[in-house]
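Residue numbers (this note's numbering), protein chains in the order written: chain A, 1 to 124; chain B, 125 to 248; chain C, 249 to 372; chain D, 373 to 496.
Below is one structure, written out as structure tokens, with a few remarks after it.
There are 4 protein chains.
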Amino acid sequence: MGKFGELYQSGDWKGEKHVPVIHIKDKVKKGEIVELRVNIGEEIPHPNTLEHHIKWLKVYFYGEGDKFPVEIGNYVMNSHGEYGVFTEPDITIKFKVEKSGIIYATSYCNIHGLWENSKKVEVE
Amino acid sequence: MGKFGELYQSGDWKGEKHVPVIHIKDKVKKGEIVELRVNIGEEIPHPNTLEHHIKWLKVYFYGEGDKFPVEIGNYVMNSHGEYGVFTEPDITIKFKVEKSGIIYATSYCNIHGLWENSKKVEVE
Amino acid sequence: MGKFGELYQSGDWKGEKHVPVIHIKDKVKKGEIVELRVNIGEEIPHPNTLEHHIKWLKVYFYGEGDKFPVEIGNYVMNSHGEYGVFTEPDITIKFKVEKSGIIYATSYCNIHGLWENSKKVEVE
Amino acid sequence: MGKFGELYQSGDWKGEKHVPVIHIKDKVKKGEIVELRVNIGEEIPHPNTLEHHIKWLKVYFYGEGDKFPVEIGNYVMNSHGEYGVFTEPDITIKFKVEKSGIIYATSYCNIHGLWENSKKVEVE
Ligand SMILES: [Fe+3]
Ligand SMILES: [Fe+3]
Ligand SMILES: [Fe+3]
Ligand SMILES: [Fe+3]
């Protein structure tokens, strides 16, 4: 019986459409309000139908020297055709951090499971 | 025993810091990917502490002639000081609609309850 | 442009399948861990398919003399046939309160919108 | 830069208070509505305060022979003292599966990060 964490998949988002793309400045200032965009399918679009869609995006921060990651936010995409409405897996959020660390973006496709990506952020 | 819906509060966001501010074009094209920003405290900042913070933002679409609203997305702000991380109540999402209707943005403050705002969107 | 709260629908759960059914003792003790079951479709089952299902259940507590309701919990049902898995709109949660008040249960059907029900709880 | 999945921690719930405890029958029938209880701190209670609490519980099913796990449900505990209300990290949910597989329960503590546990379920 494998560990849950091993179920997260990753890869190069330019070739694998499920991998969350992380858009954030490489360097931010301590306590500055930082903007972060996470989206799925930037290079190769992912389906968005009732049968097959991205259900949520989550963002974590894992600070240098910290023992545990912190969950910044969780976004659930809830419309996949109902009454002609389609929610895109594309979100821009804002937050503040006090030190350098790693941003993790995770996502869930109702057919293809859990995916992750990460990016280093330097706080100056 | 009052109805649940009556617990939603509203007002002018320029004077009441809890009211979600809705930023979206007045006119969009059918099937176009539309950008929507919802934030709290644009004029008067809201506290963001463990003791007092905005916990989530939700967005609905209620199409002209439809009987029921559709939930577009739900964003939960999860960090309020843990390890120096603060999630801001400010989100930009994307979606598609096929006809004119009303956008509802709702929010929840852990101390001051439920809030709402709305804005008409015309699809041409 | 109507108010958001007016979109919540209600009724008698014995005749209207969308109304959340609230199961809780009428009287609880202050600080006791209370069990609460909320389910949909107890008398008349609601569909559970990709096309038509209950997406979430939320529970609030509105204490006597309080100005604002508090959100106790939010449960999202995420499987509606994927790989043969179906999540039922039926949840039992636990919490503590310190005074009498009203429990509100709310739900969302992806086709028929927002629903609510309420039940008084007396703390002795 | 480590992988996200490696941040999930586990252990014996009798000695480590963060590990989700999974209560489910060992054998269930195909298509039967199964009851699953997941709780935190059954042996050693976990704190439930604004400063330190369990924020959510998630449940997945990973069927034998399937390539990907399915998310059954997500429960967010939202009250940690506001107006005297405390949501317990203890939930009972219901679902149906069609074949044997593994149940994964995951949780998030706002101070001690991500945790997981798993249990095999045989469908007869
Ligand atoms: Fe997919
Ligand atoms: Fe407030
Ligand atoms: Fe329905
Ligand atoms: Fe902890």
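In this text, a Cβ means the ideal position worked out from N, Cα and C, and glycines have one as well.
Predicted model only: the values in this text are computed from it and were never measured.
Could you check whether the Cβ of C/Leu362 sits closer than 8 Å to any Cβ belonging to chain B?
Yes, C/Leu362 counts as interfacial toward chain B.
Of all the options C/Asp338, C/Trp261, C/Asp314, C/Ile292, which has the alpha carbon lying nearest to the alpha carbon of C/Ser348?
Comparing Cα-Cα distances from C/Ser348 to each of C/Asp338, C/Trp261, C/Asp314, C/Ile292, the minimum goes to C/Asp314.
Buried or exposed: A/Gly73, going by 16 or more other Cβ atoms within 10 Å of its Cβ?
So A/Gly73 ends up on the buried side.
To the nearest angstrom, report how far apart C/Pro268 and C/Ser366 are at their CA atoms.
Cα to Cα, C/Pro268 sits roughly 9 Å from C/Ser366.
Suppose contacts are defined by Cβ-Cβ distances below 8 Å. Is A/Phe95 in contact with D/Thr478 by that definition?
No; because the gap between Cβ atoms is not below 8 Å, this pair is not in contact.
What whole-angstrom Cβ distance do D/Val495 and D/Ile465 have, given they're in contact under 8 Å?
Rounded, the Cβ-Cβ distance is 17 Å, inconsistent with contact.
Please check if any C-beta of chain A sits within less than 8 Å of the C-beta of D/Thr498.
Outside the modelled stretch of chain D, which goes from 373 to 496, sits residue 498 of chain D, for which no answer is possible.
For D/Asp462, report the span of its beta strand (DSSP E) as first-last.
First-last of the beta strand (DSSP E) with D/Asp462: 458-468.
With a threshold of 8 Å between beta-carbons, can B/Leu174 be considered close to chain D, or not?
For B/Leu174, the answer is yes, since a Cβ of chain D falls inside 8 Å of its Cβ.
In angstroms with no decimal places, state the Cα-to-Cα distance between A/Phe68 and D/Ile483.
Whole-angstrom Cα-Cα distance: 7 Å.
Taking C-alpha atoms, which residue in A/Lys30, A/Glu88, A/His18 lies nearest to B/Gly208?
When each option's Cα is compared against that of B/Gly208, the closest is A/Lys30.
B/Leu181 to A/Tyr108, Cα distance in whole Å?
Going by the C-alpha atoms only, they are around 20 Å apart.
State the Cα-Cα distance for the pair C/Asn296 and B/Lys138, rounded to the nearest angstrom.
Approximately 43 Å, taken between the alpha carbons.
Rounded to a whole number of angstroms, what is the C-alpha to C-alpha distance between A/Leu36 and D/Glu443?
Each residue's alpha carbon lies about 26 Å from the other.
Can you list the residues of chain C that D/Lys491 reaches, using a CB-CB cut of under 9 Å?
Correct list: empty, because the minimum Cβ distance to chain C is about 16 Å.
Nearest to A/Phe61 by CA position, among A/Val76, A/Val34, A/Ser10, is which residue?
The option with the nearest alpha carbon to A/Phe61 is A/Val34.
So what does DSSP say about C/Glu370, is it helix, strand or coil?
It is a strand residue.
From which residue to which residue does the beta strand (DSSP E) around C/Ile281 run?
That residue, C/Ile281, is in no beta strand (DSSP E); it is neither H nor E in DSSP.
Would you grab the beta carbon distance between D/Ile426 and D/Ile412 for me? Rounded to a whole angstrom, and I think it's under 8 Å.
That pair is a contact at about 5 Å.
Under a Cβ-count criterion, where at least 16 other Cβ atoms within 10 Å of its own Cβ denotes burial, should A/Asp12 be classed as buried or exposed?
It counts as exposed.
Taking only the alpha-carbon atoms, compute the straight-line gap between D/Glu414 and B/Gly187 and give it to the nearest angstrom.
Their backbone Cα atoms lie some 47 Å apart in a straight line.
Given A/Glu98, which residues of its chain have a CB within under 6 Å of its CB, disregarding the five upstream and five downstream residues?
Within the same chain, A/Glu98 has close Cβ partners Lys30.
Check the DSSP bridge columns for C/Thr354 and list the partner residues they point to.
DSSP output for C/Thr354 lists C/Lys306, C/Glu364 as bridge partner(s).
Got a sec: which bits of the region 427-455 of chain D sit with their beta carbon under 7 Å from any beta carbon on chain C, in order along the chain?
Result list: Phe433, Gly435, Asp438, Val442, Glu443, Ile444, Gly445, Asn446, Tyr447, Val448, Met449, Asn450, Ser451, Glu454, Tyr455.
Please work out which residues of its chain come closer than 6 Å, Cβ to Cβ, to C/Leu362, disregarding the five sequence neighbours upstream and downstream, and give them in chain order.
Within the same chain, C/Leu362 has close Cβ partners Leu255, Tyr256, Tyr356.
To the nearest angstrom, how far is the alpha carbon of D/Leu422 from that of B/His176?
In a straight line, the C-alpha of D/Leu422 is about 10 Å away from that of B/His176.
Report the three-state DSSP secondary structure of B/Glu130 (helix, strand or coil).
It is helical.
Give the residues of chain C in contact with A/Ile111, contact being defined as C-beta atoms less than 7 Å apart.
Those are Glu330, listed as they occur along chain C.
Is the closest heavy atom of ligand 3 to the C-beta of C/His360 under 7 Å?
Correct: C/His360 has its Cβ closer than 7 Å to ligand 3.
Would you kindly report the start and end of the unbroken beta strand (DSSP E) that includes A/Tyr83?
Unbroken run through A/Tyr83: none, as it is neither H nor E.
List the residues that DSSP assigns as beta-bridge partners of C/Met249.
C/Met249 pairs with nothing; no bridge assigned.
If you measure beta-carbon to beta-carbon, which residues of the region 336-350 of chain C are closer than 7 Å to chain D?
Going along the region 336-350 of chain C in chain order, one finds Glu336, Asp338, Ile339, Thr340, Ile341, Lys342, Phe343, Lys344, Val345, Glu346, Lys347 with a Cβ nearer than 7 Å to chain D.
Report all residues from its chain with a CB closer than 6 Å to the CB of B/Phe147; omit the five preceding and five following residues, and keep chain order.
For the record, residue 147 of chain B in the displayed sequence is His; it is not Phe. Excluding positions up to five away in sequence, the list reads Arg161.
Mind checking C/Met325: buried by the 16 CB within 10 Å criterion, or exposed?
So C/Met325 ends up on the buried side.
Residues in the same chain with beta-carbon distance under 8 Å from A/Val28, minus the five sequence neighbours each way, listed in chain order, please.
Excluding sequence neighbours, A/Val28 sits near Val34, Val97, Val121, Glu122, Val123, Glu124.
What is the DSSP secondary structure of B/His170, reduced to helix, strand or coil?
If DSSP states are grouped into helix, strand and coil, B/His170 belongs with coil.
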